[in-house]
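The sequence shown lines up with residues -22 to -1, 1 to 371 when you count with mature numbering (1 follows the signal peptide of the UniProt record, and there is no 0). Heads up, the beta-carbon is just placed ideally off N, CA and C, and yes, glycines get one too. Read through the structure below, which is laid out as structure tokens, and then see the notes.
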Amino acid sequence: MDQRAQVIFLTALFLSATPTSSLKNISHHGDDEHFFDENVTNSQPDCFGLAKKILQLFTPNNRHDISTRFFLSTRTGIARKDERKEIHVRPSINLGPSFDKNKKIAIICHGYKGKADNSWVRDMEKALLQAEDMNVISVDWRHGADKFNYIQAASNTRVVGAELSSLVQHMIVKMNISAKNFHLIGHSLGAHIVSYVSTHITGKVKRITGLDPANPCFSPKEFGMKLDKGDADFVDVIHTNGRYTRYGLGLQFPLGHLDFYPNGGSEQPGCRIPHHASVWKKLRAIGLDVVEKVWNDIKSPICSHSKAAKYFIETIKAGGCNFWGHKWDIYNPRAPTNLTCNEENCALMGYRSDKYRGKSNTFYVFVKDATPFCVPEPENDVRMGYQSLPPAA
């Protein structure tokens, strides 16, 4: 199997797919109707060298087939033993009695083959509510994401982006909620989906967090079709499987105001089984050398790609370790050696990185292979005034 075929096979099975167009033909009417134009056909980026005529065959599925859903979690709902409530969007949007328009709104979006019931989504909901009294909304587009052909799932993101934009625009226009109340969080494909919102609503959201934003079908020049720092007042990105060559499920180059690269941002500790491991020796002894290659070429990238969400969740939890990012040139293959933090060369990765609003840089983050993933840096905690994370609200 040649390199192109390998990449297509890998992404079709495992990749958190990438969107293939902008939402430039969506207009906001300020009402409760969902306003996605299902006949829109925008330009397609290059995907593995496939001809544009082939890519144009993958138009979005009908929005009713995709059936994007939204789920609200609040402290009030938990107190009522109603931990999670679906937000009804048809025939009109109804956020329910637990929603408090005066509180912060965090929105979480999954990627390819995902759903709002994924363990990392539920863990993030709980961690956010423990940290702050807020509204947490999780996007579920499983019927559009659960496609073997990733190009089709990628095309469906246009519908999801429109549905989410409609919900956010309703809250801004009809409920008089400021765009500055929103923190959008997306993993892989979901990072690009949430990035669409800010350019299709009234105003600009306060913050977007990208968790290893998806790579294939995105060129560095196509900034209108991917997450970038113009999408929110503050954009922070965690890169865990970014590569310039094959098998990089995440984007390697900087996208936000602050870009963090745990372990260099390409491969995460604990995701690759070493060549000398006994399991590989046993398989080689019976002629199954190929299993090691398949595992490390396919399973390892998926593992690294998923670590971004796990790291972010750990940064939310109060009383934990501080993930210090050290200023770093991403083209340098070596980790930074000057680990003495000051206000110019360090920033916290994760939930509290907005404390460093106004900076714009790339940072290396040291991590471990198992939870707790954070590598303690007590001297830097003292220097930077963070002996421990702030307590939960």
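- In this structure, tyrosine 334 and proline 314 do not form a Cβ contact; the two beta carbons are roughly 17 Å apart against a cut-off of 8 Å.
- Rounded to whole angstroms, the separation of the alpha carbons of tyrosine 90 and tyrosine 128 is 8 Å.
- Taking all protein chains shown into account, glycine 168 has 16 or more neighbouring C-beta atoms within 10 Å of its C-beta and is therefore buried.
- Judged by beta-carbon spacing, isoleucine 86 lies beyond the 8 Å limit of serine 45, meaning their Cβ atoms are not closer than that value.
- Distances from the CA of phenylalanine 351 to each of Cys249, Glu322, Arg221 and Gly188 were compared; the closest alpha carbon is that of Cys249.
- Cβ-Cβ distances below 8 Å link isoleucine 155 to Lys79, Ile83 and Met149 in the same chain, with the five nearest sequence neighbours on each side left out; the list follows chain order.
- Rounded to whole angstroms, the separation of the alpha carbons of glycine 220 and glycine 328 is 17 Å.
- Contact annotation, asparagine 241 with valine 345: C-beta distance approximately 6 Å; criterion of less than 8 Å satisfied.
- Here the region 210 to 218 lies against the region 279 to 295, with 3 or more beta-carbon pairs under 8 Å apart.
- Excluding five sequence positions before and after lysine 182, the CB atoms of its chain that fall closer than 8 Å to its own CB belong to Ala157, Ser176, Asp209, Ala210 and Asp211, given in chain order.
- Leucine 227 and glycine 243 have their C-alpha atoms spaced approximately 11 Å apart.
- Here the alpha carbon of alanine 109 sits roughly 35 Å from the alpha carbon of serine 133.
- Distance from the CA atom of histidine 178 to the CA atom of glutamate 321, rounded to whole angstroms, is 35 Å.
- Nearest Cα to lysine 207 within the set Pro194, Asp237 and Arg120: Asp237.
- Bridge partners of leucine 205 according to DSSP: none are assigned.
- Cβ atoms of valine 137 and serine 51 stay farther apart than 8 Å, at about 24 Å.
- If you look at glycine 164, you'll find it isn't in any alpha helix (DSSP H); it sits in the beta strand (DSSP E) that goes 160 to 165.
- Contact between tryptophan 302 and cysteine 319 is confirmed by a C-beta separation of about 6 Å, below the 8 Å threshold.
- Secondary structure note for glycine 122: its alpha helix (DSSP H) is the uninterrupted segment 120 to 123.
- Methionine 102 places its beta carbon 8 Å or farther from that of alanine 296.
- Rounded to the nearest whole angstrom, the CA to CA distance from glycine 74 to lysine 63 is 8 Å.
- Here the alpha carbon of leucine 326 sits roughly 41 Å from the alpha carbon of serine 70.
- Histidine 165 and asparagine 316 have their C-alpha atoms some 31 Å from each other.
- Serine 338 and histidine 235 do touch by the CB rule: their CB atoms are close to 5 Å apart, below 8 Å.
- Counting the other Cβ atoms within 10 Å of the Cβ of valine 360 gives fewer than 16, which makes it exposed.
- Inter-residue distance for isoleucine 291 and isoleucine 186 is about 15 Å (C-alpha atoms, whole angstroms).
- Taken atom to atom, the span from the alpha-carbon of glycine 363 to that of leucine 106 is near 23 Å.
- For lysine 63, the enclosing beta strand (DSSP E) begins and ends at 63 to 65.
- Here lysine 125 is buried, its C-beta having at least 16 other C-beta atoms within 10 Å.
- Alanine 348 sits exposed, since fewer than 16 C-beta atoms from the chains shown fall within 10 Å of its C-beta.
- In the DSSP assignment, aspartate 237 is bridged to Val215 and Thr340.
- Contact between histidine 170 and leucine 205 holds: their C-beta atoms lie close to 6 Å from each other, under 8 Å.
- Collapsing the DSSP output to three states places threonine 52 in a strand.
- Boundaries of the alpha helix (DSSP H) around threonine 135: 128 to 151.
- In the three-state DSSP reduction, arginine 361 falls in the helix class (H, G or I).
- Around the Cβ of histidine 66, a 10 Å sphere holds fewer than 16 other Cβ atoms; the residue is exposed.
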